[in-house]
Amino acid sequence: MTGLKDWTVVVPAPGEVRETAQALLALADSPTDVRTDGNGTEFLVPPYLADKFNESLRPKPRRRAKKEDE
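Residues 883 to 952 (my numbering) are what the sequence shown spells out, left to right.
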């Protein structure tokens, strides 16, 4: 595990602190990998979790519906 100085600060959008916390905890290998910072309005996470969280925010490509053959 890396030192805390290598961890990333995650700043939730206004009004989304709870949703961000839930998302981070769902993605974390351990709840201890999600720490509060900035008086409870920011989160401090290890690099692997920052990567997983950023990946979860990317839009998923849409699949085209297949045409049904008549």
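Virtual Cβ for every residue (Gly too), placed ideally from N, Cα, C.
{"Item": "Please list the terminal residues of the continuous beta strand (DSSP E) segment that includes Val891.", "Value": "Thr890 to Val892"}
{"Item": "Going by C-alpha distance, which of Gly885, Lys887, Pro896 and Asp915 is nearest Lys934?", "Value": "Asp915"}
{"Item": "State the DSSP-derived secondary structure class of Asp911, mapped to helix, strand or coil.", "Value": "coil"}
{"Item": "Label Val893 either buried or exposed according to how many other C-beta atoms from any shown protein chain fall within 10 Å of its C-beta, with 16 as the threshold for buried.", "Value": "exposed"}
{"Item": "Cα-Cα, which of Pro913, Val899, Arg946 and Pro941 is closest to Gly922?", "Value": "Val899"}
{"Item": "If Leu906 sits next to Phe925, beta carbons under 8 Å apart, how far is it from one beta carbon to the other, in whole angstroms?", "Value": "6 Å"}
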